Each structure stands twice: as C-alpha cells, then as structure tokens.
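Undergrad: Using our numbering, the letters of the sequence shown map in sequence onto residues 81 to 328. Note that the Cβ used here is the ideal one computed from N, Cα and C, for glycine as well. Only a predicted model underlies this, so the values are computations on that prediction, with no experimental measurement involved. Here it is: the structure, laid out below.
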Amino acid sequence: MQPLRLILLSGWGIGQRIWQPLEAHWPACLAAQAVDWPGYGDTPPLEANAALQELADTMAEPLASDAVWVGWSLGGLLATALLAYLPPPRGLILLGAGETFCVKGKASAQGGVTSAELSAFQRAFQRDPTATWQHFLRWQTQGEPGPRQVHRQLRDLLGDTPPADSPTLATGLHWLATIDNRPRLAAPPCPVVRLIGDHDPLISPAQRRVSKPLSDVGHCPMLSQPQALAATIGHHARQMTDISTAVL
Numbered sequence: 081m082q083p084l085r086l087i088l089l090s091g092w093g094i095g096q097r098i099w100q101p102l103e104a105h106w107p108a109c110l111a112a113q114a115v116d117w118p119g120y121g122d123t124p125p126l127e128a129n130a131a132l133q134e135l136a137d138t139m140a141e142p143l144a145s146d147a148v149w150v151g152w153s154l155g156g157l158l159a160t161a162l163l164a165y166l167p168p169p170r171g172l173i174l175l176g177a178g179e180t181f182c183v184k185g186k187a188s189a190q191g192g193v194t195s196a197e198l199s200a201f202q203r204a205f206q207r208d209p210t211a212t213w214q215h216f217l218r219w220q221t222q223g224e225p226g227p228r229q230v231h232r233q234l235r236d237l238l239g240d241t242p243p244a245d246s247p248t249l250a251t252g253l254h255w256l257a258t259i260d261n262r263p264r265l266a267a268p269p270c271p272v273v274r275l276i277g278d279h280d281p282l283i284s285p286a287q288r289r290v291s292k293p294l295s296d297v298g299h300c301p302m303l304s305q306p307q308a309l310a311a312t313i314g315h316h317a318r319q320m321t322d323i324s325t326a327v328l
C-alpha cells in the first residue's frame, strides 16, 4: 500500500526548514515532503507584485492533487487561495491559519493582528527588512511554553538573514493583507481541517472557535511539540482521505 503523501508549506519569511523537527516523528504510513514557495531556498522568485495566478502556475507541479496539503500560517492562506486555480488535493490541513490574516476592529488580548498593525509592520519592513523579519520571529514564538528556547531553535534553523529576498517578502505581506478565503472555506472542494494553537498570538479567538485546538502551544508547534504535531497531522490526514465532506 502506497503511503499517503503530505505536501508541507511554510509561512512568511520562513522556508521549508521549519518542518525539519517533524522528520523523525512521521508515521510510516505517511510520506511527507516540504516544498518552498517561489523565492525561498533554491526556488526562483516570481516577478515583483505577482498575482495569485502566477503563483498557481509556478506551484502547479509541487502542489500535487494526489496529496494532502498542510499549510502553515501564510502557507495555509496561500494553499486555500490556490484552490481556486489548481486541482483540489485529497485534503487540506490549515495550521495556524484562518480565513484571513487580519481581524476586524481591535485585536483581542487572546490574539489576532489588526489591519493597522500589519500596515505598521509593512512600513517597518520597508525601512529595515532584516530587523523587521527578526522581530517577527520573536513575535510568533511568544505563545510557546518556552518562547526563548523556541526562538533559539528558529534562529538555528534559519540563520540571521531572511530566506527570501525583500521583493518576495513584500509580496507575501501584501498577500497577508489582502487574501480573504471565506468564500473558499464556506464551500471547499476538498476536506479541510483547521488546527490552531490555543496560545497562538497571531490568531483571534473567533478563528479559534471554528478550529480544532492544539493544547499548550502557540504559532510554532513544529518546534515546541514536534512529535505531538506529527501525530495530529497524521491522524487528520488519514481521516480526511476516508471521507468526502469537508471538516471545518
């Protein structure tokens, strides 16, 4: 029996190395492959201000339809958006990703990012891309049980400079600000499961209420609880390939 394929997709400013801590923990029935978005690693970048159609054209081969896609953070937003352009996968697992990145109105003390906060982040990025990227690494580790240790793990994996050039990162911030997947998640073409850390600083309480909780983790469970995360992803991937309706 062929193992079930997983395609692992990373988030803004972080390449496929974020998935390395899970490699020792995948069940034998799964074949997990991390792929980079354009502009990350050895993957050539798109043109500046590229549209989602151009992204879809580039990702058509790595985003195979005979696999379950696992999209983390911006990777989850993009994977969901690409359902409108590519043949649907066997299932989609969203990790630390909601229908949109920004919340309306004020962010809650329990998490969430407002449009104003993201706009301020974009302005800071224009002034100093590397320093802003480094700030983001610290920000997204705040919800972990050991944030300093997780931040060190992240820096050890990524190094001191972003894994993509500034135009690629700027396009990613634009997608964070503009992608709205509510229509696609209201009637998805494949089974969907949303997994959210219950201390994720980037996710609003409203998004958590429509997701399956990951206990005692924040936005980076692949670093703080890799074994548990691999088991959870494997469970849902196997379950969703046995059903024909979306799980939301």
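(1) To the nearest angstrom, report how far apart Trp99 and Ser90 are at their CA atoms.
(2) Locate the beta strand (DSSP E) running through Gly226, then write down its first and last residues.
(3) For Gly95, which of helix, strand or coil comes out of DSSP?
(4) Can you find a heavy atom of the ligand ZN that lies under 7 Å from the Cβ of Ala196?
(5) Near Lys292, which residues of its chain fall below 7 Å by C-beta distance, leaving aside the five closest residues on each side in sequence?
(6) Taking the alpha-carbon positions, what's the Pro124 to Ala244 distance?
(7) Are Ser153 and Trp213 touching if we call contact CB-CB under 8 Å?
(8) Could you check whether Pro281 and Gln233 sit closer than 8 Å to each other, using their CB atoms as the reference points?
(9) Using the C-alpha atoms, what's the distance from Arg207 back to Leu198?
(10) With DSSP collapsed to three states, give me the class of Gln222.
(11) Apart from the five residues on each side of it in sequence, which residues of its chain come closer than 7 Å, Cβ to Cβ, to Arg218?
(12) Is Val115 buried or exposed, if buried means 16 or more other CB atoms sit within 10 Å of its CB?
TA: To lay it out plainly:
(1) Within the sequence shown, numbered from 1, the residue matching residue 99 stands at position 19. Within the sequence shown, numbered from 1, the residue matching residue 90 stands at position 10. Going from the Cα of Trp99 to the Cα of Ser90 covers about 8 Å.
(2) Residue mapping note: residue 226 aligns to position 146 of the sequence shown, counting from 1. Where Gly226 is concerned, there is no enclosing beta strand (DSSP E), given that its DSSP letter is neither H nor E.
(3) As a position in the sequence shown, residue 95 is number 15, starting the count at 1. Three-state result, Gly95: coil.
(4) This structure lacks the ligand ZN; in fact it carries no ligand of any kind.
(5) Stepping through the sequence shown from its first residue, residue 292 is reached at position 212. So the qualifying residues of the chain are Val273, Arg274 and Leu275.
(6) On the sequence shown, position 44 is the one that residue 124 refers to. On the sequence shown, position 164 is the one that residue 244 refers to. About 10 Å.
(7) Start at 1 with the first residue of the sequence shown, and residue 153 comes out as number 73. Start at 1 with the first residue of the sequence shown, and residue 213 comes out as number 133. No, the pair does not count as a contact, with Cβ atoms beyond the cut-off.
(8) Locating residue 233 in the sequence shown gives position 153, where the first residue counts as 1. Locating residue 281 in the sequence shown gives position 201, where the first residue counts as 1. The answer is no: Cβ separation not under 8 Å.
(9) Your numbering for residue 198 matches position 118 in the sequence shown. Your numbering for residue 207 matches position 127 in the sequence shown. Cα to Cα, the separation comes out at about 14 Å.
(10) Reading the sequence shown from its first residue, position 142 is the one you call residue 222. Looking at Gln222 - three-state DSSP - the assignment turns out to be coil, as it is neither helix nor strand.
(11) Position 138 of the sequence shown, counting from 1, holds the residue named residue 218. Result list for Arg218: His231, in chain order.
(12) As a working note, residue 115 is residue 35 in the sequence shown. So Val115 counts as buried.
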